[in-house]
Amino acid sequence: MDTQTVSRRNFLKASSLTGLALSLGVYIPSNAEEAEIIKAAEADDFGIEMNAWVHIEPSGKVTIFSHRAEMGQGVYQAIPQMVAEELEVDLDKVNIVFAKGDNKKYGNQVTGGSSTVRGSYKNLLTLGATARQMLIQAAATKWSVPASDCRAESGLVIHQPTNKRFHYGELVADAMKLETPKNVVLKKRSDYKLIGKPLLRQDTKLKTNGSATFGLDKEIPGMLYAAVERNPRLRGKVKSFDDTAARKIPGVKHVFKTKMLVFNTYREGVAVVATSTWAALQGKKALKVDWDDSGFEHLNTEEIIKRQQEALQTQEGLSFKQQGDASAILAQATKKLDVVYETPYQYHACMEPLNCVAHYQDDKLEIWGPIQAPEWVQDAISKEMGLDREKVIVHMTFLGGGFGRKAFMDYPHEAAVISKEIKAPVQVVWTREDDATQGPYRPGISYRCEGVVDNGKISAFKLRMAGQNNDHWRGGPKDKANRSTSEGFLKPYAEGIKNLSIADVPFETPIPTMWWRSVYASTNGFAYESFMDELAHEAGKDPMAFRREHLPDERLHRQLDKLAEVSGWKTRKPGEGYGMAITECFASTVGHVVKVSKGQDGKLKIDHVWAVMDCGWYVNPDTIKAQVEGSIVMALGAATQHQVTFKDGVPVDRNFYSYQLPRITDIPPIDVYVMDNDEPAGGVGEPGLPAFAPALANAIFDLTGKRIRKLPFSLATV
0 MDTQTVSRRN
10 FLKASSLTGL
20 ALSLGVYIPS
30 NAEEAEIIKA
40 AEADDFGIEM
50 NAWVHIEPSG
60 KVTIFSHRAE
70 MGQGVYQAIP
80 QMVAEELEVD
90 LDKVNIVFAK
100 GDNKKYGNQV
110 TGGSSTVRGS
120 YKNLLTLGAT
130 ARQMLIQAAA
140 TKWSVPASDC
150 RAESGLVIHQ
160 PTNKRFHYGE
170 LVADAMKLET
180 PKNVVLKKRS
190 DYKLIGKPLL
200 RQDTKLKTNG
210 SATFGLDKEI
220 PGMLYAAVER
230 NPRLRGKVKS
240 FDDTAARKIP
250 GVKHVFKTKM
260 LVFNTYREGV
270 AVVATSTWAA
280 LQGKKALKVD
290 WDDSGFEHLN
300 TEEIIKRQQE
310 ALQTQEGLSF
320 KQQGDASAIL
330 AQATKKLDVV
340 YETPYQYHAC
350 MEPLNCVAHY
360 QDDKLEIWGP
370 IQAPEWVQDA
380 ISKEMGLDRE
390 KVIVHMTFLG
400 GGFGRKAFMD
410 YPHEAAVISK
420 EIKAPVQVVW
430 TREDDATQGP
440 YRPGISYRCE
450 GVVDNGKISA
460 FKLRMAGQNN
470 DHWRGGPKDK
480 ANRSTSEGFL
490 KPYAEGIKNL
500 SIADVPFETP
510 IPTMWWRSVY
520 ASTNGFAYES
530 FMDELAHEAG
540 KDPMAFRREH
550 LPDERLHRQL
560 DKLAEVSGWK
570 TRKPGEGYGM
580 AITECFASTV
590 GHVVKVSKGQ
600 DGKLKIDHVW
610 AVMDCGWYVN
620 PDTIKAQVEG
630 SIVMALGAAT
640 QHQVTFKDGV
650 PVDRNFYSYQ
660 LPRITDIPPI
670 DVYVMDNDEP
680 AGGVGEPGLP
690 AFAPALANAI
700 FDLTGKRIRK
710 LPFSLATV
C-alpha cells in the first residue's frame, strides 16, 4: 500500500487517470443534516471540497483517502474494510492514502476520542454503496438489461441470467457519466462479508517488512538533524549557555537558543543542529546551560497531593451535576462513607518518541511527522509564525503510538522554528528522556467520595475531584466545572441514584497536563467504581447485583449478564478474589472482571481478566480485542508499576529504568468479548482502559479485605 501523502488533484494527475476514473467523495453542505456523495468532476466544477473520497482505476484498484492518523488503533484497516464491504471488492484491492492536513477539505482530522469509525462509518458505507450502484448501472446500460438483474461481487458486475461480467475498471468511464444516485440502500448486517469479521490488518505487512513510513523514517533532500536541551521546568528561561564543547563535535553545524509553544506559554532550550542524529545528540550532551527558573513554584509530588486533599476537605467546588440533595442527606446521616482516592501523574510512553521534520521556505512551511491533529498544528503554527494557514502544509506519517500526546502542537512548532533559523529542512528527534521529562502528563487527581446506603440502596452519592483541568491550559473558562468531571461514570446511574452530586474543585500547578488514553475516565473510573464497590459492601449486596439495581438500562443489564457468564461470577470459589467494574467513555461501555489469588509464597497474583465491550456497530472484532488487551496492559502499568513524580518541580523518572512498564511475564490471561447489537458505533481505542484498575482493586478487597485507594500500588506488597 502506498502511504505517500498527496492531494486529490495531484494524485489523479500522477496516475494519468484524470478523465478515466470514477472518483466519488463525501460533501457536507453547511447546515445539512446528512452528507451528500458527489463526483470529483462536480466538486471541481462547483469549487466544492470533499472530505473523503473513493477512486477506482481502470485496473480495478480502489484508492481512498484517510483523513485520520494511524497510530496502532486500526483505522488503516477499518476504513478500507468499510468501503470494500459496500463496494463489493476484495480488501486487498483497496489502497489507502493519508490525506494532508486540511479541515476545509477533510473535516475534523483530530485522531482522538476513539472517534474515527463512530464519526465516519455511515458516510464511508454510503460512499462505497454509491460507487457500487453506479458501476452496476453502467454495466446494465452496456448490456441493455435491467439493473435489478445485475449484482456486484469481488470487483465484478455480473449479469445473473447469463453470467456475463465486467470488472470494475471496464466500467469506470461509463459510470462517471452517470448522475450520482441519492438514498442508496446499505446492506443489512446479516449480509456483511467483511464487516464484523476478524480480518488480518492491512498495515501489518508494512510494519513488519519495514516499508511503513513513521515519523523517524522520513527523509527529505538536504535535511539536517537537531536535538534540543530544553529547560526541565516549563516556565523556565535560558539564562546563558556555553557551546564551546558542543561545536567541537564532528558534524555539528549550528547551536542557538530556541523556544517552542506549549499551550499559552513557551518552553525554552538550546538547539544543536548537525549532519546526523548522533552528532546532534552528542553536541547536546556537551552543552553547558544555566537556567533561570524564578517566578513560579517548584513543587514536589507530596505537596501536590497534600494541597489537593486539603482542598477536598474545605471546598465544595464547582457543581458539574446536581440532582436531589445529596449534601442534606449526608449531613443528617448517622452512618455514611467518606473516603479519598488518589491517582498519580502519568507519562504517555509511546513506543516512538516525539519527532518531526520541518522545511521552512520563504512564506511556506511543510511538516512531516507522527501527528494526531494536523489542523491544530496548522492553526497554532500559522498564528505563531505569521503565515497564511494554507501555507502551513502538514503531512501525516504512521505513528508509533499516540495516546493523546501526539495531538499536541509543541514539537512541530519547535521543528518549524529551527528550520526557519537554519534556512534548511530539519528533523528534530526527542530522546526517551526528553519525551519522559517534558510532559505534558496525565494529571494526578484526588477524589473525595461520600455516600449513604439506606435499605440496601444508595440514598446519597457525592463526588468531588481535585486535579488539573486540561482545558485551562488552552484558555478555557476557570469559573466552570471541568467538563470531564463525570467521564467514565455510567450515565444511567443518574437515573438509579436520586440524590447525586458531582463537583470539580479547581486546582492548578505549573506542571503541564493534557489528555492520556481515555482521558479523565482513566482516573475517574478508579475512584467512582471503587467507591461503588464500597457502597455495595456497605449494603451487604453482591457488587454486580448492586450495580444492576442502580442501572435501569436493559442494554447494560445484558452486558452485565454476559460479564457474569464468561467470568463465572456466580460460581466463584472461596480463596479466589473476584472484582468487577464497568465504565463508559466515548460512546462505549466496557465491563471488567479480574480474578486474583495468593500463591504458596503468599504473594498476590492476577489469574485472569475478562472484558466485555459494548461499542454498538463495529468493524473488526480482532481490532477491538487487540485494543482492549492493550488498554488493560496500559492500565495494569498505571495501577501497579509506574507514575511520574516531581522533586523541586522537575520530573524524577527519566526513562524505563525507573518508569517501569509491564513485561510480558506480568500480563495475565485476558479474554475479550464484544456485544452484538444494532446500536450506533462507539469508540474502541480508549474505552477498554478505565474499568481495569477498580476491578483489580475490588478483587483484592474480595480476597484480602484490604481496600486500595491509592495508585499505583505494588502487587508484591499487598
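Heads up, the final residue of the sequence shown is numbered 717 in numbering that gives the first Met the number 0, and it's a clean run with no missing numbers. Ideal Cβ placement from N, Cα and C applies to all residues, glycine included.
Run through the DSSP bridge pairs and tell me what residue i is partnered with.
i, result
"Ala610", "His591, Val671"
"Ser239", "Asp289"
"Tyr265", "Leu260"
"Arg150", "Ile157"
"Ser65", "Phe97"
"His394", "Trp367"
"Thr212", "None, per the DSSP bridge assignment."
"Val425", "Leu223, Ala357"
"Ala502", "Ser318, Arg463"
Got a sec? Which residues, its chain only, sit under 6 Å from residue i by beta carbon, not counting five neighbours each side?
i, result
"Ser381", "Arg388, Val391"
"Gly401", "Met70, Gln371"
"Ser293", "none"
"Lys419", "Tyr359"
"Ile194", "Glu84, Val618"
"Leu185", "Leu124, Ala128"
"Lys497", "Gly323"
"Cys149", "Ile135, Ala138, Ala139, Val156, His158"
"Pro439", "Pro511, Thr512, Met513"
"Ala332", "Val451"
"Thr588", "Asp613"
"Asp173", "Ala137"
"His297", "Asp647, Gly648"
Flag this pair as yes or no: are the beta carbons of residue i and residue j separated by less than 8 Å?
i, j, result
"Pro424", "Gly214", "no"
"Tyr658", "Tyr346", "yes"
"Leu743", "Val593", "Look at the range of the chain in this structure, 0 to 717, and you will see that residue 743 is not part of it."
"Lys709", "Glu341", "yes"
"Ala310", "Cys355", "no"
"Gly615", "Ala680", "yes"
"Leu280", "Ala357", "no"
"Pro667", "Val608", "yes"
"Glu583", "Gly487", "yes"
"Leu317", "Pro505", "yes"
"Leu260", "Glu383", "yes"
"Phe525", "Leu499", "no"
"Gln437", "Arg229", "yes"
"Leu562", "Gly590", "yes"
"Ser485", "Phe319", "yes"
"Arg164", "Thr110", "no"
Using a Cβ-Cβ cut-off of 7 Å (strictly less than) and excluding sequence neighbours within five positions of residue i, which residues of its own chain qualify?
i, result
"Thr639", "Pro711, Phe712, Ser713, Leu714"
"Asp720", "As displayed, the chain neither begins before 0 nor continues past 717, which places residue 720 out of reach and without an answer."
"Gln76", "Arg200, Gln201, Asp202, Asn619, Thr622"
"Ala34", "Val25, Tyr26, Ile27, Asn122"
"Leu126", "Leu23, Val25, Ile36, Ala51, Val53, Val82"
"Glu628", "Ile669, Val671"
"His166", "Gly59, Gly154, Leu155"
"Met0", "Since pLDDT at Met0 reaches only 36, below the 50 mark, its modelled position is unreliable, and the value read off the structure follows with that caveat. Only Asn94, Ile95, Gln201, Leu205 meet the Cβ criterion."
"Leu170", "Leu134, Ala137, Ala138, Val156"
Indicate the three-state DSSP secondary structure (helix, strand or coil) for residue i in the structure shown.
i, result
"Asp173", "helix"
"Ile380", "helix"
"His54", "strand"
"Lys602", "coil"
"Phe295", "coil"
"Val416", "helix"
"Asp337", "strand"
"Val683", "coil"
"His358", "strand"
"Ala79", "Contrary to the premise, residue 79 reads as Pro rather than Ala in this sequence. Pro79 falls in the helix class under three-state DSSP."
"Thr179", "coil"
"Ile631", "helix"
"Ile707", "coil"
What whole-angstrom Cβ distance do residue i and residue j have, given they're in contact under 8 Å?
i, j, result
"Met543", "Trp568", "6 Å"
"Val651", "Pro343", "Incorrect: roughly 12 Å between the Cβ atoms, too far for contact."
"Thr396", "Pro369", "6 Å"
In its own chain, which residues sit with a C-beta less than 8 Å from the C-beta of residue i, not counting the 5 before and 5 after it?
i, result
"Lys252", "Leu223, Val272, Ala273, Thr274, Ile421"
"Asp606", "Glu575, Lys594, Val595, Ser596, Pro667, Pro668"
"Ser6", "Confidence at Ser6 is low in this model, with a pLDDT of 48, below 50, so its placement is unreliable and no value can be given for it."
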